[in-house]
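Numbering (this note's numbering), first residue to last: 1 to 426. Below you'll find the structure, written out as structure tokens, and then a few comments.
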């Protein structure tokens, strides 16, 4: 009992401050929240959570609505849980599960592609795509130096394909251009060279949009030289909702596109890889080889379908979904920061605000601490106003105002102290 009490005490200290709307989830020391037991009559009874404790399927009323670290902090909603309770439970390795097959067909149609393949994560989607597009070495992959495939996927491109990855720093600091590509692509068939076989673009990247016209320019060049194109479109939904183009507009230029369900859309698990039937046939093979085949995936694909329909919307431009408000909130956060004298590292194109903390004289660690004191979770100067944060907009803006005020007040105090120490003090 002492150990349990100590554990619970530690957990309670780790809980960050919630608004009055939220009740923190506490684990009962003597039982799990959803333990099941067989009754005397042979039926199965499920114990209910202790009074005052909710389960986690509350979406915008959950902890994600005060968490601006990333859009991966979105939590599933009651409608997703309802879908899980009525999903099919058949085998996807045998390609028999209707819920999963329906999701794959729906997202493929939404993107204007031949087929879809459900995968467990965006990382898996990207890696399956590249492994399927790269046929015979030597081969190289060209990408932005900030891309997930080169920075955040555990070296998967190298370990799964053996490809040489060439990261590029875009001249404009926002997105790659055709000029960046032409300056770095390897077209030579000289035996000393490693030819570029795939160009991988990420859209959005750091919340910023690669314009459709630039995608078109790069795609035209790639086709002329027999180079395949992949899009890490984990957040392509955001570019579409921002009005940069429809899903088919963007996806038509790529051989493969990965689309994430568990970031801005709020599903608990999964991504979709879309492309041609032929490419995805090979990707399914590779997925199986790395342990990605699923037996009863309906419990996650059902929730993903709800996330697509409700959060993105049923239209290819996302006009009937929930994401647009998150972009509007990003602009409100930007305005609040700037009206207090703050500057930005990058402009907000979608749902990410990039505050220049260095110019404000505030360290990232201090900003994180000030935010924690206000009951918010942040991870430095990048604030992600995902749709569940936007649904709690007034409360979050009130707390951010307090954080910003303290940050700038501390800067003024430091400047004042410097003046007091100066030999030229008047």
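The beta-carbon is built from N, C-alpha and C at its ideal position, and this holds for glycine as well. Quantities reported herein were computed from a predicted structural model and do not represent experimental measurements.
Assigned exposure category for residue i - 16 Cβ within 10 Å defines buried
| i | result |
| --- | --- |
| residue 245 | buried |
| residue 279 | buried |
| residue 289 | exposed |
| residue 135 | exposed |
| residue 407 | buried |
| residue 258 | buried |
| residue 285 | exposed |
| residue 351 | buried |
| residue 383 | buried |
| residue 215 | buried |
| residue 95 | exposed |
Extent of the continuous beta strand (DSSP E) to which residue i belongs
| i | result |
| --- | --- |
| residue 202 | 196-202 |
| residue 175 | Residue 175 -> no beta strand (DSSP E), and no H or E assigned at all. |
| residue 382 | 382-384 |
| residue 144 | 140-144 |
| residue 226 | Run containing residue 226: none; DSSP gives neither H nor E here. |
| residue 271 | 271-275 |
| residue 345 | 344-346 |
Nearest-angstrom beta carbon gap, residue j and residue i [assumed within contact, 8 Å]
| i | j | result |
| --- | --- | --- |
| residue 81 | residue 269 | Not confirmed; about 13 Å, so no contact. |
| residue 341 | residue 356 | Residue 341 to residue 356, Cβ: 11 Å. No contact. |
| residue 271 | residue 260 | 5 Å |
| residue 199 | residue 227 | 6 Å |
| residue 76 | residue 267 | 7 Å |
| residue 292 | residue 92 | That pair is no contact at about 10 Å. |
| residue 283 | residue 128 | 4 Å |
| residue 298 | residue 88 | 5 Å |
Coil, strand or helix - residue i by DSSP
| i | result |
| --- | --- |
| residue 326 | helix |
| residue 118 | strand |
| residue 208 | strand |
| residue 106 | helix |
| residue 245 | coil |
| residue 78 | helix |
| residue 252 | coil |
| residue 168 | strand |
| residue 89 | coil |
| residue 113 | coil |
| residue 309 | helix |
Terminal residues of the alpha helix (DSSP H) in which residue i lies
| i | result |
| --- | --- |
| residue 148 | 148-151 |
| residue 160 | 156-161 |
| residue 355 | Residue 355 -> not in any alpha helix (DSSP H); beta strand (DSSP E) instead, spanning 352-355. |
| residue 371 | 364-373 |
| residue 389 | 387-390 |
Exercise for the section: Would you check if there are 3 or more beta carbon pairs closer than 8 Å linking the segment 234-253 to the segment 188-204? Expected result: yes
Exercise for the section: Inspect the CB distances between the segment 338-358 and the segment 141-148 and report whether three or more fall short of 8 Å. Expected result: no
Handout entry: Three or more C-beta pairs below 8 Å linking the segment 173-190 and the segment 119-136
Key = no
Handout entry: Any 3 or more C-beta pairs closer than 8 Å across the segment 159-174 and the segment 104-114
Key = no
Practice task
Taking 8 Å as the threshold, find out whether the segment 390-397 comes into contact with the segment 352-372 through three or more Cβ pairs.
Solution key: no
Practice task
Count the CB pairs spanning the segment 395-404 and the segment 369-387 that are closer than 8 Å, and state whether there are at least three.
Solution key: yes
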